[in-house]
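**Student:**
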Amino acid sequence: MTTYNTVKAIVKRSQDTLLQDAAGAAALVVMLVVGLHLPSLM
Numbered sequence: 001m002t003t004y005n006t007v008k009a010i011v012k013r014s015q016d017t018l019l020q021d022a023a024g025a026a027a028l029v030v031m032l033v034v035g036l037h038l039p040s041l042m
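In structure tokens:
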């Protein structure tokens, strides 16, 4: 249960920027996927 409590505490502390962090993580994933598929498109 300590992992759950740790994640819960982190979410509680960073609630203000959680949406921005999620958007940034999604953008990084999109850039990674596009970068990996770029050689096959050329």
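Under the UniProt record's numbering, the letters of the sequence shown match residues 1 to 42, in that order. Idealized CB from N, CA, C, for every residue including glycine.
Is the separation between the beta-carbon of Val29 and that of Leu18 shorter than 8 Å?
**Tutor:** Not closer than 8 Å, so no.
**Student:** Taking the alpha helix (DSSP H) that Thr6 falls in, what are its first and last residues?
**Tutor:** 2 to 13
**Student:** Is Leu18 close to chain D, meaning its C-beta is less than 8 Å from at least one C-beta of that chain?
**Tutor:** Absence of chain D from the displayed structure is noted, only one protein chain being present.
**Student:** In three-state terms, what does DSSP make of Met42?
**Tutor:** coil
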